[in-house]
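Here the structure comes first, spelled out in structure tokens, and everything after it is commentary.
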Ligand code: ATR
């Protein structure tokens with residue numbers, strides 16, 4: 157039987173997930189499918205009805221549906237509950253399950269690019285306070301990073317997010333960024349700044365210590381102005397594409413029964429679809 161899988165979101169036309177899963181399906185000689193379905197939040201319950209009825213084996217969920225699906229699931233993983241959002245769904249034993257693999261994807265890519273990051277990452281600085289920041293904070297806290305600072309343009313959102321990780325994540329002011337940069341071993345941009353069509357993230361990196369890892373979860377373009385500047389100053393740049401590739405791994409394994417690999421070939425294939433800056 158051909159297993160059908162999906163990504164839902166609104167809009168969803170830009171999603172590169174079909175390319176990723178399509179690559180793995182052909183690599184493993186599987187006859188499944190993975191399709192984009194544009195589903196507005198109000199249509200999510202009806203779409204999940206189709207999933208429950210057996211039309212699909214499972215799929216991914218992207219903005220703005222990730223939070224909407226959560227109360228409609230039968231089984232929610234601890235991680236998805238902590239995120240307040242699910243990005244990976246599957247049917248198992250007649251029940252609809254949901255997980256969130258964003259933190260996994262973030263960490264797996266960081267491990268692959270900067271394997272020693274944990275030894276040197278006593279202090280992390282997260283820029284932004286949206287869903288992506290929540291996943292990064294959750295991932296880093298779960299790995300035992302002791303000091304995590306979080307700054308956001310709107311300070312009340314930074315305080316709200318920090319309150320979910322008492323004693324681990326500390327909200328600081330956006331104005332403090334220049335000083336915080338010099339104290340950080342790992343800096344992660346989770347804002348949309350630097351993305352194609354958005355203004356660049358203009359922060360003062362003059363205090364950046366050589367060897368500091370600068371991870372930008374934006375991947376269009378692959379090298380954001382932030383990463384270029386970090387590279388010039390001796391930082392270790394980590395781009396956002398790897399997080400996208402790695403977060404897809406657990407879903408594919410659930411739906412198709414094979415744990416796929418994030419290879420250079422896969423990466424090159426997706427890179428070819430990303431416009432230069
Ligand atoms: P996601 O769920 O993908 O993380 P989001 O919840 O929309 O997306 O969050 C986007 C992040 O980018 C927020 O931290 C946002 O800051 P605010 O909370 O102050 O809105 C940040 N962001 C977007 N545009 C920004 C800008 N021009 N300057 C600074 N931060 C910005």
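Residue numbers (the numbering used here): 157 to 433. Beta carbons: idealized from backbone N, C-alpha and C, even for Gly. What you are looking at is a predicted structure, and each value in this text was computed from that prediction instead of being measured.
Assign residue 387 to one of two classes, buried (16 or more other C-beta atoms within 10 Å of its C-beta) or exposed (fewer than that). Residue 387 sits at position 231 when you count from the first residue of the chain shown. Exposed, because fewer than 16 other Cβ atoms sit within 10 Å of the Cβ of residue 387.
Are residue 413 and residue 380 closer than 8 angstroms when you measure CB to CB? As a first step, residue 413 is located in the chain shown; it is residue number 257 there, counting from the start. As a first step, residue 380 is located in the chain shown; it is residue number 224 there, counting from the start. Taking C-beta atoms as the reference points, residue 413 and residue 380 fail to come closer than 8 angstroms.
What residues in its chain sit with their C-beta under 7 angstroms from that of residue 196, if we drop five residues either side in the sequence? Numbered from 1 along the chain shown, position 40 holds the residue referred to as residue 196. Excluding its 5 nearest sequence neighbours in each direction, residue 196 has C-beta neighbours in its own chain below 7 angstroms: 166, listed in chain order.
Anyone know if the C-beta pair for residue 194 and residue 278 falls short of 8 angstroms? The residue you call residue 194 lines up with position 38 of the chain shown. The residue you call residue 278 lines up with position 122 of the chain shown. Not in contact: residue 194 and residue 278 (Cβ atoms no closer than 8 angstroms).
Minimum C-alpha distance to residue 289 - residue among 410, 419 and 347: Locating residue 289 in the chain shown gives position 133, where the first residue counts as 1. The shortest C-alpha separation from residue 289 is found at 347.
Assigned secondary structure, residue 239 (DSSP; H/G/I helix, E/B strand, else coil): Within the chain shown, numbered from 1, the residue matching residue 239 stands at position 83. Residue state, collapsed to three classes: helix.
Could you check where the beta strand (DSSP E) with residue 351 kicks off and where it finishes? Taking the first residue of the chain shown as 1, we reach residue 351 at position 195. Residue 351 -> no beta strand (DSSP E), and no H or E assigned at all.
Sheet register partners of residue 421 (DSSP bridge): As a first step, residue 421 is located in the chain shown; it is residue number 265 there, counting from the start. Per DSSP, none; premise fails for residue 421.
Please give me, in chain order, every unbroken run of the beta strand (DSSP E) with length at least 3 that falls completely inside the region 175 to 206. 189 to 194
Sorry if obvious, but does the Cβ on residue 130 come closer than 7 angstroms to a heavy atom of ligand 1? Here the chain comprises residues numbered 157 to 433, so residue 130 is not present and cannot be evaluated.
With burial defined as no fewer than 16 other Cβ atoms inside 10 Å of the residue's Cβ, what is the status of residue 239: buried or exposed? The count along the chain shown starts at 1 and reaches residue 239 at position 83. That one is buried.
Just checking residue 278 against ligand 1 - is the residue's beta carbon closer than 7 angstroms to any of the ligand's heavy atoms? Locating residue 278 in the chain shown gives position 122, where the first residue counts as 1. Placement of the Cβ of residue 278 at a distance of 7 angstroms or more from every heavy atom of ligand 1 is found.
Who does residue 399 pair with in a DSSP beta bridge? Position 243 of the chain shown, counting from 1, holds the residue named residue 399. Beta-bridge pairing links residue 399 to no other residue.
The region 382 to 396 / the region 413 to 422 touching (three or more Cβ pairs under 8 angstroms): no
If the criterion is Cβ atoms closer than 8 angstroms, does the pair residue 303 and residue 274 meet it? The sequence position of residue 303 within the chain shown is 147, counting from 1. The sequence position of residue 274 within the chain shown is 118, counting from 1. 8 angstroms or more divides the Cβ of residue 303 from the Cβ of residue 274.
By a C-beta neighbour count over all protein chains shown, 10 Å radius and 16 as the cutoff for buried, is residue 431 buried or exposed? If you number the chain shown from 1, residue 431 lands on position 275. Its Cβ having fewer than 16 others within 10 Å, residue 431 is exposed.
Three-way DSSP call (helix, strand, coil) for residue 169 in this model: Counted from its first residue, the chain shown places residue 169 at position 13. If DSSP states are grouped into helix, strand and coil, residue 169 belongs with coil.
For the alpha helix (DSSP H) that residue 411 lies in, which residues bound it at each end? One-based indexing of the chain shown puts residue 411 at position 255. First-last of the alpha helix (DSSP H) with residue 411: 405 to 412.
By Cβ distance below 7 angstroms, which residues in the same chain neighbour residue 266 in space, the five residues on each side in sequence not counted? Residue 266 sits at position 110 when you count from the first residue of the chain shown. If we look at residue 266 and ignore the five residues flanking it on each side, its Cβ neighbours are 273, 371 and 394.
contact_flag[the region 202 to 219, the region 247 to 257] where n(CB pairs < 8 angstroms) is 3 or more: yes
What's the C-alpha gap between residue 301 and residue 280? Position 145 of the chain shown, counted from the start, is the residue given in the question as residue 301. Position 124 of the chain shown, counted from the start, is the residue given in the question as residue 280. For residue 301 and residue 280, the distance between alpha carbons rounds to 8 angstroms.
Counterpart residues of residue 297 in DSSP-defined beta bridges: For the purposes of this step, residue 297 is taken as residue 141 along the chain shown, with counting starting at 1. For residue 297, which the question treats as bridged, DSSP gives no partner whatsoever.
Measure the beta-carbon distance from residue 225 to residue 217 and round it to whole angstroms, keeping in mind my assumption that it falls under 8 angstroms. Along the chain shown, one-based indexing puts residue 225 at 69. Along the chain shown, one-based indexing puts residue 217 at 61. With a Cβ gap of about 5 angstroms, residue 225 and residue 217 count as contacting.
Stretch-stretch touch, CB-based, cutoff 8 angstroms, three pairs: the region 173 to 182 with the region 200 to 209: no
Among the residues of its own chain, which have a CB less than 7 angstroms from the CB of residue 296, if the five just before and after it don't count? Locating residue 296 in the chain shown gives position 140, counting from the first residue. 280 and 304.
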